[in-house]
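Step one of this worksheet: look at the structure below.
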Amino acid sequence: MSRPRVHPHRIGLALLAILTILSLRSILSWAQEPTQEELELGARLYAENCAVCHGPDGKGRVGVTLAKDWPSIRPGLRVREAIENGIPGSPMPAWSQKKGGPLTDEEIDALVRYILSWETGGIPPLAPTPTFTPRPPITPIPEVAGDPNRGAILYAENCAVCHGPSGEGRVGATLARAWPSIRPDLRVKTVIEEGVPGSPMPAWSRENGGPLTEQDIDDIVAFILSWQPLTPSEAPAAPTLAIGPGQHIEVIAILIASILIIAGGVMWYSRR
Ligand code: HEC
Ligand code: HEC
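Taking the working numbering, I'd label the letters of the sequence shown as residues -8 to 263.
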């Protein structure tokens, strides 16, 4: 052969070097400090969805303490895993859209960064403000005992986190629907009083260890039944295809592996 040519090994090495640099950059970008906007998004999502169980400052209520040092090499992965998939057999629901929850990958990223920011002080927690939109007064349904207007406030404080502000359903079932039953009020009331054992739906009545009085529950029942028949609920947001931080490494590993196989094939082939 007269013409000097680049040895295939060199091409392979160059490819490897480029890939290493690319993957390091992508790992470093996740290790970077979160932006202020990201932390604020996390704080807002936390106040709306998590404070009810984990406390406004992450110090724990029904849920465990989250404001702590996470003894793990990649704490983000552990926190993310718990949020995405929930903790089966506990009241901790799965929040990711691929597990039927309400949150996008991007929103979960923001939550993970916000929670981990507590390790180093972080930004101060927002007060949990139940998303209670003022609405026109609701006319009580004749045969239902409670006051739906008071029920609306109690609902926003206790139930919207799982059932959605308009009963459209999130981790909890859809409540804005028809209740085919002769006494729908009794049926709904019993579920609220007793909860659904083995599901995240807690028992709410004082007799069952919950925080609500019988009057509270009657008011909430009146509010829930005011949604009959089905009110049009917003369509759920389309799931995003963004790659979350937990998946970066996997994607990079697959990329590197496939390039290595191709490079190996080229080298082996050109040796002959
Ligand atoms: C209905 C109550 C409830 C809600 C709402 C809730 N959690 Fe939890 N969460 C729990 C409980 C209970 C546990 C502990 C489960 C266990 O380990 O038995 C937990 C565990 C966790 C863990 C794992 C803690 C660890 O030490 O590994 C994380 C992280 C977490 N929750 C984050 C969140 C985030 C973020 C939200 C809001 C998007 C949220 N949780 C909403 C009840 C809740
Ligand atoms: C931590 C999440 C969570 C919270 C908070 C919560 N629920 Fe639920 N709820 C659920 C889940 C999950 C189900 C579905 C249980 C099942 O059947 O598996 C449910 C079921 C129900 C049902 C029965 C629905 C049906 O189709 O039979 C009613 C009624 C209900 N919830 C009312 C309430 C009310 C009222 C509140 C507030 C006082 C509340 N829930 C708070 C999670 C929750």
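No residue lacks a Cβ here, since even glycine has one placed at the ideal position from N, Cα and C.
The C-beta of A151 has 16 or more other C-beta atoms within 10 Å across all chains shown, which makes the residue buried.
In this structure, W109 lies near G49, with their beta-carbon atoms less than 9 angstroms apart. Per the Cβ contact rule, the segment 172 to 186 is in contact with the segment 196 to 207 (3 or more Cβ pairs under 8 angstroms).
A Cβ-Cβ separation of about 5 angstroms places P47 in contact with P116 under the 8 angstroms criterion. DSSP lists S196 as the bridge partner or partners of L203. DSSP places Q27 inside the alpha helix (DSSP H), whose first and last residues are Q27 to N40.
DSSP links L94 through a beta bridge to S87.
Here D209 has A136 and G137 as same chain residues with Cβ atoms under 6 angstroms from its own Cβ, once five neighbours each way along the sequence are excluded.
Residue environment analysis places V(-3) among the exposed positions, since fewer than 16 neighbouring C-beta atoms fall within 10 angstroms of its C-beta. In this structure, the alpha-carbon of W61 lies about 32 angstroms from that of V187.
Closer than 8 angstroms to some heavy atom of ligand 2: that does not describe the Cβ of H45. Each of D96, I211, R65 and P156 was checked against the Cα of P175, and the nearest Cα belongs to I211.
If you draw a straight line from the Cα of P139 to the Cα of M192, it comes to about 21 angstroms. Between I253 and L7, the C-beta spacing is not below 9 angstroms. In this structure, ligand 1 has a non-hydrogen atom nearer than 8 angstroms to the beta-carbon of I106. Non-local C-beta neighbours of K90 in its own chain, meaning closer than 8 angstroms and more than five positions away in sequence, comprise E75, N76 and G77, ordered along the chain. The shortest CA-to-CA distance from G80 to any of S190, A248, Y260 and L177 is the one to S190.
Residues of the same chain with a CB within less than 6 angstroms of the CB of A143, apart from the 5 flanking positions on each side, are F214 in chain order. In the three-state reduction of the DSSP assignment, I144 falls in the helix class, which pools H, G and I.
By the neighbour-count definition (other C-beta atoms within 10 Å, threshold 16), Q88 is a buried residue.
In the three-state reduction of the DSSP assignment, A58 falls in the coil class. Taking non-hydrogen atoms of ligand 1 into account, the C-beta of Y260 is found less than 8 angstroms away from none of them. Between the C-alpha atoms of A169 and Q219 there is a straight-line separation of about 5 angstroms. Per DSSP, L68 is one residue of the alpha helix (DSSP H) stretching across P66 to N76. Annotated three-state conformation of V187 is coil, per DSSP.
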